[in-house]
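Visitor:
Residue numbers (the numbering used here): 683 to 1016.
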C-alpha cells in the first residue's frame, strides 16, 4: 500500500485522463514500449489519481509480437482516435516492412486532424515515410542515423535522446522513452511529479532534449586522451570526404608519426585502418537499412570507385557488398 507521504498532490487537467494510443509495429522493441507505459502507470500511482490512460493498437487489432518473441494482445485496430489522444508508434527491427501502406494512410489521416503523434525507437522512420517529420527536428537510434539522413533530406536529424517539435515527438530508442515521458509529465503536472516517477524507476539521471544518445568518445573507446578523441571525432564527421592522416595530425598539433604511435598504443591499429573500419561500418549500415545502390553507398562512405569499395569490404567482412545486400535484405534495428 502506498504511504501518503509519497503522494504528490496534483490537480487533474480536465474531466478525463489524457489518453495515449500505443501503436505496436511488428518486431517492435519491448524496452521502448515498457519504459513509456510504466512511466505513465507510476505517474498515476504516485499522484493517487488516474491522470493518464492508454490503449494498445496495431494493424489487424488482434496481436503483435515484439523483437524478443513475446506476443501482446491489442485493444484496437488502426481506428480513428480522439483528437486529444497522443499516438506513440513503437518500432524495432524490420521497421521498413512494418511501415505498410495502410499504416501510412492512417498516420496521415490522424495528422490532418491535428493529433499529437510520436515515434519511439525506429518508428521515427515510419513518421518520416508518411511525411510527418518534413521540416521538423527529429531523432532516431544512432545505428540508424546514417540511413535516415540519406533517405529523408527534409528532416533535420539530431543526435538527441528525444525531440519534441510541435506536435511531433521522436526518441532514440531504449530508455529514452523514459526521458520523453518524464518531460510530458513535467509539462502536464510539474517537475515534482516527474521527479517522483524517476525515483520510482530508479532513474537517477534525467536527460533532456539537449543530451546526446551515445556515450562520449573516451568512454566508448576506453581511453581518455584529448587529442585522440578529437581526431576520432573529426573522422566521424568526415566519412564521406575522408581527411588524410597528415591533415588530421596537423589539426591537433602533432606529426603524422606521433599520430601513428598514438593510435598503435591505444587502439592497436593505424589511423588509416581505424578510419577505414568506421567508413565500412557506415557502408554496412546503409547496405542493410536502405535501398541505395552499391555505387551510391560507396560514394557516401568516401570510396572513389565501386571496385575499391568491394575489395575493402570483402577484406573486412569476408563477403561482398552485393552478397551482403542479397542475404540480409533491408532492416532497421536495435
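Even for Gly, the Cβ is constructed at its ideal location relative to N, Cα and C. Values in this document were obtained by computation on a predicted structure and should not be read as measured data.
(1) Does the distance from the CB of residue 754 to the CB of residue 746 come in under 8 Å?
(2) Counting only runs of 4+ residues fully inside the segment 773-813, write out the alpha helix (DSSP H) ranges in chain order.
(3) When the distance is taken between beta carbons, is residue 832 closer than 8 Å to residue 974?
(4) Do residue 809 and residue 705 come within 8 Å of each other at the CB atom, strictly closer than that value?
(5) Which residues in the same chain have their Cβ closer than 7 Å to the Cβ of residue 782, if we skip the five residues on either side of it in sequence?
(6) Leaving aside the five residues before and after residue 696 along the sequence, list all residues of the same chain whose C-beta is less than 6 Å from its C-beta, in chain order.
(7) In the DSSP assignment, find the beta strand (DSSP E) that holds residue 979 and state where it starts and stops.
(8) Between residue 1011 and the rest of its own chain, which residues show a CB-CB distance below 8 Å, the 5 nearest in sequence each way excluded?
(9) The alpha helix (DSSP H) that contains residue 876, what's its start and end?
(10) Tell me whether residue 972 is buried or exposed, calling it buried when 16 or more other Cβ atoms sit within 10 Å of its Cβ.
(11) If you run the structure through DSSP and keep just helix, strand and coil, what is residue 818?
(12) Which residues in the same chain have their Cβ closer than 6 Å to the Cβ of residue 953, if we skip the five residues on either side of it in sequence?
(13) Pull up the distance between the alpha-carbon of residue 857 and that of residue 717, whole angstroms please.
(14) Helix, strand or coil: how does DSSP classify residue 715 here?
(15) Touching or not, the segment 800-809 and the segment 848-862, by the rule of three or more beta carbon pairs under 8 Å?
(16) Any Cβ of chain C within less than 8 Å of the Cβ of residue 879?
(17) Going straight from the alpha carbon of residue 807 to that of residue 988, what length do you get?
(18) How far does the alpha helix (DSSP H) with residue 944 in it extend, from its first residue to its last?
(19) Using CA atoms only, rank isn't needed, just tell me which of 804, 812, 884, 829 is closest to residue 822.
(20) Closest to residue 981 by CA distance: which of 864, 964, 997 is it?
(21) Can at least three beta-carbon pairs, one atom from the segment 716-730 and one from the segment 874-888, be found at a separation below 8 Å?
(22) Under the DSSP definition of a beta bridge, which residues are partnered with residue 853?
(23) Helix, strand or coil: which one does DSSP assign to residue 747?
(24) May I have the straight-line CA-CA distance separating residue 1005 from residue 957, to the nearest angstrom?
(25) What do you get for residue 711, buried or exposed, if any count of 16 or more other CB atoms within 10 angstroms of its CB means buried?
(26) If you follow the beta strand (DSSP E) that residue 913 is part of, which residue opens it and which one closes it?
(27) Pick helix, strand or coil for residue 991, following the three-state DSSP scheme.
(28) Taking 6 Å as the limit between beta carbons, can you name the residues of its chain near residue 686, skipping five residues before and five after?
(29) One question on the structure: do residue 786 and residue 812 come within less than 8 Å of each other, judged by their Cβ atoms?
(30) To the nearest whole angstrom, what separates the beta carbons of residue 924 and residue 966, a pair I think is in contact under 8 Å?
(31) Could you check the C-alpha separation between residue 867 and residue 886 for me, to the nearest Å?
(32) So what's residue 738 in DSSP terms, helix, strand or just coil?
(33) I'd like to know whether the C-beta atoms of residue 1001 and residue 992 end up nearer to each other than 8 Å.
(34) I'd like the span of the beta strand (DSSP E) that includes residue 706, first residue to last.
Guide: Reading off the structure:
(1) Position 72 of the chain shown, counting from 1, holds the residue named residue 754. Position 64 of the chain shown, counting from 1, holds the residue named residue 746. Yes.
(2) 777-780, 783-794, 806-811
(3) The residue labelled residue 974 in the question sits at position 292 within the chain shown. The residue labelled residue 832 in the question sits at position 150 within the chain shown. For residue 974 and residue 832, yes; Cβs fall inside 8 Å.
(4) By one-based count along the chain shown, residue 705 stands at place 23. By one-based count along the chain shown, residue 809 stands at place 127. For residue 705 and residue 809, no; Cβs fall outside 8 Å.
(5) Residue numbering aside, residue 782 sits at position 100 when the chain shown is read from its first letter. Closer than 7 Å at the Cβ level, and outside the excluded window around residue 782, lie 741.
(6) Within the chain shown, residue 696 is the residue found at index 14, counting from 1. Same-chain partners within the cutoff: there are none.
(7) Indexing the chain shown from 1 puts residue 979 at position 297. Careful: residue 979 lies outside any beta strand (DSSP E), inside the alpha helix (DSSP H) at 976-982.
(8) Along the chain shown, one-based indexing puts residue 1011 at 329. Legend: pLDDT at residue 1011 = 49, less than 50; position of this residue unreliable, no value from coordinates given.
(9) Taking the chain shown and counting its residues from 1, the one referred to as residue 876 is at position 194. 873-882 is the span of the alpha helix (DSSP H), which, as asked, contains residue 876.
(10) As a working note, residue 972 is residue 290 in the chain shown. Buried: at least 16 other Cβ atoms inside 10 Å.
(11) Locating residue 818 in the chain shown gives position 136, where the first residue counts as 1. It is coil, neither helix nor strand.
(12) In the chain shown, the residue the question calls residue 953 occupies position 271. Excluding residues within five positions, the ones whose Cβ falls inside 6 Å are 927, 941, 945.
(13) Start at 1 with the first residue of the chain shown, and residue 857 comes out as number 175. Start at 1 with the first residue of the chain shown, and residue 717 comes out as number 35. Cα to Cα, the separation comes out at about 6 Å.
(14) For the purposes of this step, residue 715 is taken as residue 33 along the chain shown, with counting starting at 1. The answer is helix: DSSP assigns residue 715 an H, G or I state.
(15) yes
(16) The structure shown contains no chain C, having only a single protein chain.
(17) As a position in the chain shown, residue 807 is number 125, starting the count at 1. As a position in the chain shown, residue 988 is number 306, starting the count at 1. Looking at the two C-alpha atoms, the distance is approximately 28 Å.
(18) On the chain shown, residue 944 is found 262 positions in, with the first residue counted as 1. Where residue 944 is concerned, the enclosing alpha helix (DSSP H) stretches over 938-949.
(19) Taking the first residue of the chain shown as position 1, residue 822 is located at position 140. The residue with the shortest Cα to Cα distance from residue 822 is 804.
(20) Start at 1 with the first residue of the chain shown, and residue 981 comes out as number 299. Answer by Cα proximity: 964.
(21) yes
(22) Locating residue 853 in the chain shown gives position 171, where the first residue counts as 1. DSSP lists 844 as partners of residue 853.
(23) Along the chain shown, read from residue 1 onward, the residue named residue 747 stands at position 65. It is a strand residue.
(24) Translated into the one-based positions of the chain shown, residue 1005 becomes position 323. Translated into the one-based positions of the chain shown, residue 957 becomes position 275. About 23 Å.
(25) One-based indexing of the chain shown puts residue 711 at position 29. Classification for residue 711: buried.
(26) Working through the chain shown from its first residue, we reach residue 913 at position 231. Premise fails: residue 913 lies in the alpha helix (DSSP H), 908-918, not in any beta strand (DSSP E).
(27) Residue mapping note: residue 991 aligns to position 309 of the chain shown, counting from 1. Correct three-state label for residue 991: helix.
(28) As a working mapping, residue 686 is identified with position 4 in the chain shown. At residue 686, the pLDDT of 49 sits below 50, so the modelled position is not reliable; the number obtained from the coordinates is stated separately. For residue 686, where only same-chain residues beyond five positions count, there are no Cβ hits under 6 Å.
(29) Here residue 786 corresponds to residue number 104 of the chain shown, with the count starting at 1. Here residue 812 corresponds to residue number 130 of the chain shown, with the count starting at 1. Yes, these two residues count as a Cβ contact at 8 Å.
(30) Position 242 of the chain shown, counted from the first residue, corresponds to residue 924. Position 284 of the chain shown, counted from the first residue, corresponds to residue 966. In fact, because the Cβ distance is near 17 Å, the residues do not count as touching under 8 Å.
(31) Residue mapping note: residue 867 aligns to position 185 of the chain shown, counting from 1. Residue mapping note: residue 886 aligns to position 204 of the chain shown, counting from 1. Each residue's Cα considered, the two are about 16 Å apart.
(32) Position 56 of the chain shown, counting from 1, holds the residue named residue 738. Strand, per DSSP.
(33) Within the chain shown, numbered from 1, the residue matching residue 1001 stands at position 319. Within the chain shown, numbered from 1, the residue matching residue 992 stands at position 310. No. Outside cutoff.
(34) Numbered from 1 along the chain shown, position 24 holds the residue referred to as residue 706. Note, residue 706: beta strand (DSSP E), 700-706.
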